[in-house]
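Colleague: Okay, here's the structure, questions in a sec.
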């Protein structure tokens, strides 16, 4: 019963009958529906595909959100491990976008054998600049403080301004409108807490522990993750595949879905799993 409740609370979906399993983990401000193009491509290639909604990402998954537990990405990683155990899934390939990539990385480190490879799309181990080490994360603590303050002061105004900034692709405004609608569906206090957790986290030491075959995908211009941060991540995890996609913004799986799907399938097939 506990396992069934867990699966239901995270709205976990398991599709396809293949023996090879891919788990899709979404990032902040979206839910599992954002993966629809990649889900279809993976199913067509014969994979079994698992997706779910992270705690607090939807009205349904709010029941799993706990401020203390999810005040760290480790809490989300523990959720992922528990969900995979409930579904009796191991040795799967994990694909994570943005913070969802770090969640998968932490889960893989914490539960060896859970995953056999990682694909990290638009992910960063640390969003804060660290001048002492020369690390470029893209943000200062002051900038993060101002961003979170704007969220808490007027969430709707913040969401409508933040969405076009990170989505980019101004010639396709419907993309930003779609992300803005997703943001506005979140509970503002939880959204602010989660984004603050993401931006202030430093998982560089965790990235150094990765032993799995890893792919790092990044766009040429991502307002949330500078190329230097993606390059650091790729070098640190000894990525077997690092690609700068011909796409703009933080959501290439939405703005350039075929390019992302092709890159994912190419990496999975290179693991001798085709």
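Numbering (the working numbering), first residue to last: 20 to 293.
From the three backbone atoms N, C-alpha and C, an ideal C-beta is built for every residue, glycine too.
1) How many Å lie between residue 73 and residue 80 at the Cα?
2) Counting only the same chain and skipping the five closest in sequence on each side, list residues whose C-beta sits under 8 Å from that of residue 127.
3) State buried or exposed for residue 144, treating a residue as buried only when at least 16 other CB atoms are found within 10 Å of its CB.
4) Looking at the unbroken alpha helix (DSSP H) that takes in residue 256, where does it start and where does it end?
5) Can you confirm whether the segment 45-60 touches the segment 114-123 when touching is taken to mean that 3 or more C-beta pairs between the two stretches lie within less than 8 Å?
6) Mind listing, in chain order, the continuous beta strand (DSSP E) runs of no fewer than 3 residues lying wholly within the segment 63-103?
7) Out of 75, 60 and 186, which one is the CA nearest neighbour of residue 9?
8) With DSSP as the reference, identify every bridge partner of residue 154, one or two as the case may be.
9) Which residue comes first and which comes last in the alpha helix (DSSP H) that contains residue 119?
10) Going by CA-CA distance only, name the one from 68, 57 and 45 that's closest to residue 95.
11) Within its chain, find whatever has a CB closer than 8 Å to the CB of residue 206; leave out the 5 residues flanking it on each side and keep chain order.
12) Taking only runs that begin and end inside the segment 38-62, name each unbroken beta strand (DSSP E) of 3 or more residues, in chain order.
13) Quick one: grab the DSSP three-state call for residue 140.
14) Let me know if residue 227 comes out buried or exposed under the rule of 16 or more other beta-carbons within 10 Å of its beta-carbon.
15) DSSP three-state call for residue 33: helix, strand or coil?
16) Considering only residues of the same chain and omitting the five flanking positions on each side of residue 148, which have a CB-CB separation below 8 Å?
17) Which residues does DSSP list as the beta-bridge partners of residue 174?
18) Looking at the ligand HEM, does it come within less than 6 Å of residue 251, judged from the CB to the closest heavy atom?
19) Which value, in whole angstroms, describes the spacing of the CA atoms of residue 242 and residue 268?
20) Assign residue 271 to buried or exposed, taking buried as 16 or more other Cβ atoms, counted over all protein chains shown, within 10 Å of its Cβ.
21) Between the C-alpha atoms of residue 110 and residue 197, what's the straight-line distance to the nearest angstrom?
Modeller: In terms of the structure at hand:
1) 7 Å
2) For residue 127, where only same-chain residues beyond five positions count, the Cβ hits under 8 Å are 113, 133, 134, 137, 229 and 231.
3) buried
4) No alpha helix (DSSP H) contains residue 256, which DSSP labels as neither H nor E.
5) At 8 Å Cβ cutoff, the stretches touch.
6) 67-70
7) With the chain covering 20 to 293 only, the question about residue 9 has no answer from this structure.
8) DSSP output for residue 154 lists 149 as bridge partner(s).
9) 118-129
10) Checked all of 68, 57 and 45; the closest Cα to residue 95 is 45.
11) Excluding its 5 nearest sequence neighbours in each direction, residue 206 has C-beta neighbours in its own chain below 8 Å: 75 and 81, listed in chain order.
12) 40-44
13) strand
14) exposed
15) strand
16) When the five nearest sequence neighbours on each side are left out, the beta carbons in the same chain lying within less than 8 Å of the beta carbon of residue 148 are those of 154, 155, 156, 157, 158 and 159, in order along the chain.
17) In DSSP, residue 174 forms no bridge with anything.
18) The ligand HEM is not part of this structure, which contains no ligands at all.
19) If you take the alpha carbons of residue 242 and residue 268, they lie about 6 Å apart.
20) buried
21) 34 Å
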